[in-house]
Amino acid sequence: MEKEVILEVKDLDVTFGEKKKRFEAVKKVNFKIYKGETFGLVGESGSGKTTIGRAIMRIVPSTGGDILYKGEKINGAISKELDRKIIREIQMIFQDPQASLNERAKVDYIISEGLMNFEKNLTEAERKERVDQALLEVGLLPEFSSRFPHEFSGGQRQRIGIARALIMNPEFIIADEPISALDVSVRAQVLNLLANMQKKRQITYLFIAHDLSVMRFITDRIAVIHKGEIVEMAETEELVTNPVHPYTRALLSAIPMPDPRYEHNRKLLVYDPAMHDYKTNPPSWVEFSPEHYVLANEKEIKEWVKS
Ligand SMILES: Nc1ncnc2c1ncn2[C@@H]1O[C@H](COP(=O)(O)OP(=O)(O)OP(=O)(O)O)[C@@H](O)[C@H]1O
Ligand SMILES: [Mg+2]
Numbered sequence: 011m012e013k014e015v016i017l018e019v020k021d022l023d024v025t026f027g028e029k030k031k032r033f034e035a036v037k038k039v040n041f042k043i044y045k046g047e048t049f050g051l052v053g054e055s056g057s058g059k060t061t062i063g064r065a066i067m068r069i070v071p072s073t074g075g076d077i078l079y080k081g082e083k084i085n086g087a088i089s090k091e092l093d094r095k096i097i098r099e100i101q102m103i104f105q106d107p108q109a110s111l112n113e114r115a116k117v118d119y120i121i122s123e124g125l126m127n128f129e130k131n132l133t134e135a136e137r138k139e140r141v142d143q144a145l146l147e148v149g150l151l152p153e154f155s156s157r158f159p160h161e162f163s164g165g166q167r168q169r170i171g172i173a174r175a176l177i178m179n180p181e182f183i184i185a186d187e188p189i190s191a192l193d194v195s196v197r198a199q200v201l202n203l204l205a206n207m208q209k210k211r212q213i214t215y216l217f218i219a220h221d222l223s224v225m226r227f228i229t230d231r232i233a234v235i236h237k238g239e240i241v242e243m244a245e246t247e248e249l250v251t252n253p254v255h256p257y258t259r260a261l262l263s264a265i266p267m268p269d270p271r272y273e274h275n276r277k278l279l280v281y282d283p284a285m286h287d288y289k290t291n292p293p294s295w296v297e298f299s300p301e302h303y304v305l306a307n308e309k310e311i312k313e314w315v316k317s
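Here the sequence shown stands for residues 11 to 317, where the numbers follow the numbering used here.
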């Protein structure tokens, strides 16, 4: 069966600032996300992951390329109708539940604010019912709705953030490091919640993280981004067992393993971009093995095939 593409990013550029201060945060980025999958975007701090998420959400303007949602272009000028459709169908969950919730508003208001902009003729009872349902679905009690964010733990706050997204009945969720700021003890709970929501509602995720440790267990495919450029992309299993690009290898070498023998011999690889001679021999996007893509020049491909 042909897989259905829900989101496609084509040659996306995002540039900040003007003239001498111009900074290319995202450079010619390409990927497709299939309906119902979890697509991972991984790379170090400052590599442009959040910027890509924000460009999809239309929070930052793209400076080049196209973003297609269900085949329709959603970057640049779009119709009001399409804008409403994507505000509703595409939701974002943020890294820092401390900073992303309005401290002065009650949970009730926080969760239903987006919904009220859409369904203006909901009655108060219907609105409350939707909030209660959303709270229950993320594992919180409906009576929490009259409290303020500071009364909750980090994990609970993240659930509130998830309820706020869920109440819109989204089809596509950008989860931007949703567990990085949480205690290790509650990370698995939040991941399970996201996985259960996906099963129940066929949600598609763009899942952003800066390391591969969790990513390898929860994603179907992964794109690795380095300084605004995607350097490798493959199915998760393939990427973690046969990484090709030295940056992907470096990211993998940073993951601690429970096996003490392995851990004893583990070598931390360091990625040095100066190792490629891209000035004389520019790289291109190569299908290294079926559905496994890497950014490399001819010389590198020859070397990597050998090793
Ligand atoms: N509004 C902005 N104006 C200017 N520069 C920006 C803006 N937003 C992001 N940047 C820069 O773009 C680059 C990419 O930032 P981005 O937040 O996308 O990185 P990231 O991969 O999400 O990093 P992190 O893992 O730390 O969240 C950074 O160098 C950042 O300083
Ligand atoms: Mg970020």
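Cβ atoms here follow ideal geometry from the backbone N, Cα and C, with glycine treated the same way.
Remember, predicted model here, so these are calculated numbers, not experimental data.
| Check | Outcome |
| --- | --- |
| Per DSSP, which one or two residues make a beta bridge with leucine 216? | Phe49, Ile184 |
| Considering only the alpha carbon of each residue, which of Lys90, Ser89, Pro152, Phe158 lies closest to valine 117? | Phe158 |
| Using the C-alpha atoms, what's the distance from glutamate 82 back to isoleucine 88? | 10 Å |
| Between the region 41-60 and the region 207-224, can you find at least three pairs of beta-carbon atoms closer than 8 Å? | yes |
| What first and last residue would you give for the beta strand (DSSP E) that runs through histidine 302? | 302-306 |
| Once DSSP output is grouped into helix, strand and coil, what is the label at serine 57? | coil |
| For lysine 90, does the count of other Cβ atoms within 10 angstroms reach 16, so buried, or fall short, so exposed? | exposed |
| Quick test of your reading: glutamate 34 and glycine 238, contact by CB under 8 Å. State the CB separation rounded to the nearest angstrom. | 6 Å |
| So within the region 109-133, which uninterrupted alpha helix (DSSP H) runs reach at least 4 residues, ignoring any that extend past its ends? | 117-128 |
| Under three-state DSSP, which class holds phenylalanine 33? | strand |
| Checking the sheet assignment: what are the DSSP bridge partners for tryptophan 314? | DSSP output for tryptophan 314 lists no bridge partner at all. |
| Using only alpha-carbon positions, find the residue among Gly27, Arg94, Asn179 that is nearest to glutamine 212. | Asn179 |
| Could you give the C-beta distance for histidine 255 and glutamate 242, rounded to a whole number, given that I count them as a contact under 8 Å? | 4 Å |
| Based on DSSP bridge pairs, tell me the residues matched to tyrosine 44. | Val15 |
| Taking the alpha carbon of tyrosine 257 as the reference point, which residue from Ala284, Lys312, Phe154, Leu132 has its own alpha carbon closest? | Ala284 |
| Excluding the five sequence neighbours on either side, which residues of its own chain have a C-beta within less than 6 Å of the C-beta of glycine 361, listed in chain order? | Outside the shown range of the chain (11 to 317) lies residue 361, about which nothing can therefore be said. |
| Have a look at leucine 204 and isoleucine 184 and give me their C-alpha separation to the nearest angstrom. | 11 Å |
| For ligand 1, list every residue whose C-beta falls under 5 Å from any of its heavy atoms, going in chain order. | Phe26, Ala35, Ser55, Gly56, Ser57, Gly58, Lys59, Thr60, Thr61, His220 |
| Using DSSP bridges, identify the partner residues of arginine 231. | Phe49, Glu245 |
| Under three-state DSSP, which class holds valine 224? | helix |
| According to DSSP, methionine 67 sits in a beta bridge with which residue or residues? | DSSP lists no partner for methionine 67. |
| Measure the CB-CB distance between tyrosine 44 and valine 15 and report whether it falls below 8 Å. | yes |
| Out of Asn252, Glu273, Leu262, Ser317, which has the shortest C-alpha to C-alpha gap to serine 299? | Asn252 |
| Below 8 Å between beta carbons: does that hold for threonine 290 and phenylalanine 49? | no |
| Contact defined as beta carbons within less than 8 Å: I believe isoleucine 232 pairs with methionine 225. What is the distance between those atoms, to the nearest angstrom? | 6 Å |
| Quick check on DSSP: helix, strand or coil for leucine 192? | coil |
| Give me, in chain order, the residues of the same chain whose beta-carbon lies closer than 7 Å to that of phenylalanine 26; leave out the 5 immediate sequence neighbours on both sides. | Phe33, Ala35 |
| Going by Cα to Cα distance, which pick from Ile240, Lys210, Ser110 is closest to serine 374? | Here the chain comprises residues numbered 11 to 317, so residue 374 is not present and cannot be evaluated. |
| DSSP state of isoleucine 103, grouped into three classes? | strand |
| What residues are listed by DSSP as bridge partners for aspartate 23? | Gly74 |
| Taking Cβ positions, are isoleucine 100 and tyrosine 119 nearer each other than 8 Å? | no |
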